[in-house]
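These protein sequences, in sequence, are chains S and B. Residue numbers for the first sequence follow numbering that gives the first Met the number 0, so the first one is 0 and each next one is one higher. Residue numbers for the second sequence follow numbering that gives the first Met the number 0, so the first one is 0 and each next one is one higher. Structure first, commentary second.
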Amino acid sequence: MPERIKHTPLDSKDVKHPKAEIHLIKDQCKGCGYCIEFCPKKVLEESEEINARGVRPPKVVNEDQCILCQFCTAVCPDFAIFVVEKKNEVECKT
Amino acid sequence: MTEKKESKFNQSAEEIRIGVYVCHCGLNIAGSVNCEEVAKFAATLSHVVLAQDNRYTCSDQGQEGIKKDIKEHRLNRVVVAACSPRLHEPTFRKACEDAGLNKYLFEMANIREHCSWVHLYDRDSATEKAKDLVKMAVAKVALLQPATELEVPINRKALVIGGGVAGIQAALDLADTGYKVYLVEKEPSIGGMMARIDKTFPTMDCSICILAPKMSDAGHHLNIELMANSEVAEVKGYIGNFHVKVLRKPRYVTKDCSACGECAKVCPIVAPNEFDVGLATRHAIYSPFAQAVPATYIIDMNLCLNKEGVVVCDKCMKACDRQAIKYEMKPETAELEVGTVIVATGADVFDPSVLPNYGYGKLPNVITSLEFERLINAGGPSSGHLIRPSDMQIPKRVAFIQCVGSRSDRNGRLYCSNVCCMNTIKDSLLIKEHWPDTEIYVFYVDIRAYGKGFEDLYTRARKAGVIFIRGLPAEIKEDKKTRNLWLVGENTLQNELYKVNVDMAILSVGLEARKDSEVIQRLLTLSRNTDGFFLEAHPKLRPVDAATGGVFFAGCAESPKDIKDSVTQASAAAARAGILMAQGKVTVEAITPIIFAEKCKACGLCTKVCPYNALMLNKEQKRVTVIEAACGGCGTCAAECPFGALTQSHFTDEQIVAQIDAVTEQDADKKVVAFCCNWCSYAGADFAGVSRMQYPPNVRIIRTMCSGRVSPKFVERAFAKGAAAVMVTGCHLGDCHYINANYQTLKRVEKLWKKMEQNGLRKERLQLLWASAAEGEKFASKVREMKPIVECVTSEEIEKARKVFEKALTDG
Chain S
0 MPERIKHTPL DSKDVKHPKA EIHLIKDQCK GCGYCIEFCP KKVLEESEEI NARGVRPPKV
60 VNEDQCILCQ FCTAVCPDFA IFVVEKKNEV ECKT
Chain B
0 MTEKKESKFN QSAEEIRIGV YVCHCGLNIA GSVNCEEVAK FAATLSHVVL AQDNRYTCSD
60 QGQEGIKKDI KEHRLNRVVV AACSPRLHEP TFRKACEDAG LNKYLFEMAN IREHCSWVHL
120 YDRDSATEKA KDLVKMAVAK VALLQPATEL EVPINRKALV IGGGVAGIQA ALDLADTGYK
180 VYLVEKEPSI GGMMARIDKT FPTMDCSICI LAPKMSDAGH HLNIELMANS EVAEVKGYIG
240 NFHVKVLRKP RYVTKDCSAC GECAKVCPIV APNEFDVGLA TRHAIYSPFA QAVPATYIID
300 MNLCLNKEGV VVCDKCMKAC DRQAIKYEMK PETAELEVGT VIVATGADVF DPSVLPNYGY
360 GKLPNVITSL EFERLINAGG PSSGHLIRPS DMQIPKRVAF IQCVGSRSDR NGRLYCSNVC
420 CMNTIKDSLL IKEHWPDTEI YVFYVDIRAY GKGFEDLYTR ARKAGVIFIR GLPAEIKEDK
480 KTRNLWLVGE NTLQNELYKV NVDMAILSVG LEARKDSEVI QRLLTLSRNT DGFFLEAHPK
540 LRPVDAATGG VFFAGCAESP KDIKDSVTQA SAAAARAGIL MAQGKVTVEA ITPIIFAEKC
600 KACGLCTKVC PYNALMLNKE QKRVTVIEAA CGGCGTCAAE CPFGALTQSH FTDEQIVAQI
660 DAVTEQDADK KVVAFCCNWC SYAGADFAGV SRMQYPPNVR IIRTMCSGRV SPKFVERAFA
720 KGAAAVMVTG CHLGDCHYIN ANYQTLKRVE KLWKKMEQNG LRKERLQLLW ASAAEGEKFA
780 SKVREMKPIV ECVTSEEIEK ARKVFEKALT DG
């Protein structure tokens, strides 16, 4: 339906998203950038710091946007990123 | 077929015996034309063996007389000088056929609409004109050839485009009759606009409650193949034999889906739901509404995280017990063979954000009537509580503003959208039903409560305390603090200004043609009116037929209408399509092109101007062939051919030239030769007659099916024969009965103008007029306008034109 939409959905305040907690094991990262590349919500970016392996690991810039698809975990060749759901905490999203 | 006709074309060895009947039509004709004199005159014309005048030729007696004469006097051509051929040609053709005469050997002279009725007070001139008209008809009829109509088989399957209430009804009716129906719907679910409405007027039935069973029937009917989320991509062929390609967009969910909704619960993507006009949310995997048919969920791939074959998120897949989700589904093309097509594509609603004074889109408490429907609907985003968007409170004072986007030449469309008045009255009563204390103001231009039960509802609303104020607000202003609205305008009944404070304003938006109507128009070669809605073949007698054979209209695609009218029209369209399919065959009028293969140079010009792609150029064999069933019969090809290798059956060059010569034989320098197209300008001239619009009697009308048939050499011949002026008239550009054939007319007339100017001829002597069937006055005033032009044409000018176009005499 190519419909013009002018109003904010009335139930937008009730839309609840599980909040994500992203854990990075920075020194285990080899800087391949897969997680950054594949994240559908662009939650990650390359950081400025250099880790023990001499590469730039990712940093979390947009944790709110994470939708817990855990694709980063799946694509990481070095098991250096994990996402878990923050329990008992929900956040409103518009 | 073509060859056969050619041979027929040359066989006319037998003696031509014409019978002429001049009808008095009571006093309709005899009142201003001396019919007896006309009949006497007719008797002097060559080949006429019998000429008589009678009171009512169309009566049983009159028809019997013709039949008897055909047998007794061995008549092989018949001319009836009476009313318009658009009225009684079929009657007399049938009488001829009954007497064993081919119906294509009959011709009418229109001495009522085009003569007696428009020259009521000039008996002498009218009689002279009637003589001329009879003479023209006699000249043509002598050259007419018998013809057989082509029989085309009809495939007994139908395509219904659009699954709103009209499309559903048409599909169900046809399916119940026993025909196979393909119901194609662009959206994921059928139901259309009616599914979104809360209650229907004037009965206040719950809209979805009455629609859902029909949707379900359409979904389960054995004769209906439902193609939701699909679009018609290509239509080829002609009446009875359409080849259709339908693009079936993937749903990414298979039919195994049980619509349990577990997938949507886990989908992380949220977006506004279009079905609720964005007032509620949905997920990337969703079903647009609870009663959707098919109930199968769908993934909106524009939102889903899985793109280009990479499955990033598989939450819905994991949640689906039945493993119905397939991210890798691809679009498919279905190829269908159908005999008839019903266009039920519906309408769009007007977008009021183009009206800055109402602030829609900026002021949260200004909503449209469609948004209101979702708000008041128990299944809608607010569970049926009318709340205003700014603070979710129930409004105490509500205003409805009518004619938003309708009946305005500045802000929207010129036409009345038909449904908004009653919709508002219904909505106001709904509010009063739930919250009786609400103050309701309706600002209107006129309240149009024209239908069955409508006035009752209007009375009910007034009794319930709804306040109707005549005069639309000029502006809506918002109180920044409370978000309340000030409506400022003039009460035109009391001639005083008003300033009304309300909590919420509802814009009663009009309906407009779908933005993508052009696609369907192109695919099916349809016409649309100036408002953008599809044009019917005849507004009174064929209101659901398209001009293209085998295509019918239902619902708002044809014009804005309410649910009852949409359903009525859908059943009518189904019946019309059913007639064709029940017969299993159809005959097409024998007015298709005749090709003289020996003259054809295979240049292909004719194939380019054909609006129906009915001419095929075979370059190898250097010849052009006609697909007669696809031909619409405009004759544009015949006018385009520079080699005279093409002519139109029943409107041949010789026949039209004979008419021109008959007009110009006497007093040519005082006459206007007019070419009128059967569908618009000829009908417009008929309308001028019916309305008794008087105009000068110097015009002689030659009927062609389309102005595109008017070959430049006809105009040239008229001038070469000394005509004072020539008029070429047709349907308005864009409204051509033959899709776009009149653009060729424009091109040709422009060329002629240029030629006239180059040779020092006044181009006013050739007039081009676009007049619709309803524009009798336009036709009449054009003829009046031409009177001074004709009067001041000098004999030198006539001679000059004769010389310039001399060549046309030998070409003919």
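Glycine included, C-beta positions come from ideal geometry on N, C-alpha and C. Just so it is clear, the structure is predicted and the values come from calculations on it, not from any experiment.
Asked                                                                                                                        : Found
Cutoff 8 Å: S/V14 Cβ touching any chain B Cβ                                                                                 : yes
Selection of the region 329-363 of chain B by Cβ proximity to chain S, strictly under 8 Å                                    : D350, S352, Y359, G360, P363
Chain-ordered residues of the region 67-82 of chain S with a beta carbon less than 8 Å from chain B                          : L67, C68, F70
Nearest residue (CA-CA) to B/N364, options B/I297, B/T481, B/R250                                                            : B/T481
Residue of B/V19, B/R409, B/D320 minimising C-alpha distance to B/V79                                                        : B/V19
Cβ shell of B/E474 (< 6 Å), same chain only, five flanking positions each side left out                                      : N356, V487
Sequence ranges, alpha helix (DSSP H) only - wholly within the region 571-643 of chain B, length at least 4                  : 604-608, 635-639
Span separating the alpha-carbon of B/L132 from that of B/N240                                                               : 41 Å
Minimum Cβ-Cβ distance from B/T295 to chain S less than 8 Å                                                                  : no
B/M704 versus B/P641: straight-line alpha-carbon distance, rounded                                                           : 20 Å
Below-8 Å beta-carbon distance, S/R3 vs any chain B residue                                                                  : yes
Distance between S/Q69 and S/I80 (C-alpha atoms, nearest Å)                                                                  : 9 Å
Residues that DSSP places opposite B/P152 in a beta bridge                                                                   : B/K584
Beta strand (DSSP E) segments (min. 3 residues) lying fully within the region 61-114 of chain B                              : 76-81, 105-109
Distance CB(B/I153)-CB(B/Q582) smaller than 8 Å                                                                              : yes
Beta-carbon spacing of B/G162, B/G554 below 8 Å                                                                              : no
Within-8 Å CB hit, B/S389 to chain S                                                                                         : no
contact_flag[the region 514-534 of chain B, the region 366-379 of chain B] where n(CB pairs < 8 Å) is 3 or more              : no
Close Cβ partners of B/V803 (< 6 Å) along its chain, the five nearest in sequence each way excluded                          : N758
Residues that B/L225 bridges to, as DSSP identifies them                                                                     : B/L182
C-beta neighbour in chain B for S/L9, strict 8 Å                                                                             : yes
Selected residue, minimal CA-CA separation from B/K669, among B/L604, B/A717, B/A613, B/T635                                 : B/A717
Whole runs of the alpha helix (DSSP H) within the region 342-409 of chain B, excluding any shorter than 4 residues           : 368-375
Neighbouring residues, chain B, relative to S/P56 (Cβ below 8 Å)                                                             : Simply none; closest approach about 21 Å.
Chain-order list of residues whose beta-carbon lies under 6 Å from that of B/L374 (same chain, five-residue window excluded) : S381, L385
Sub-8 Å separation of B/P472 and B/I578 beta-carbons                                                                         : no
Contact residues within the region 362-378 of chain B, judged by C-beta distance below 8 Å to chain S                        : P363, I366, E370
Among B/L751, B/N739, B/A629, nearest to B/E715 - alpha-carbon criterion                                                     : B/L751
As assigned by DSSP and simplified to three states, the class of B/L429                                                      : helix
Chain B within 8 Å of S/E62, Cβ atoms only                                                                                   : no
Contact with chain B by S/H6, beta-carbon distance below 8 Å                                                                 : yes
CB of B/P201 within 8 Å of CB of B/L496, strictly                                                                            : no
Proximity of B/S427 and B/I446 at Cβ, strictly below 8 Å                                                                     : no
Rounded separation between B/H118 and B/E127 - CA only                                                                       : 11 Å
Coarse secondary structure for B/Q766, derived from DSSP in three states                                                     : strand
Contact with chain S by B/P394, beta-carbon distance below 8 Å                                                               : no
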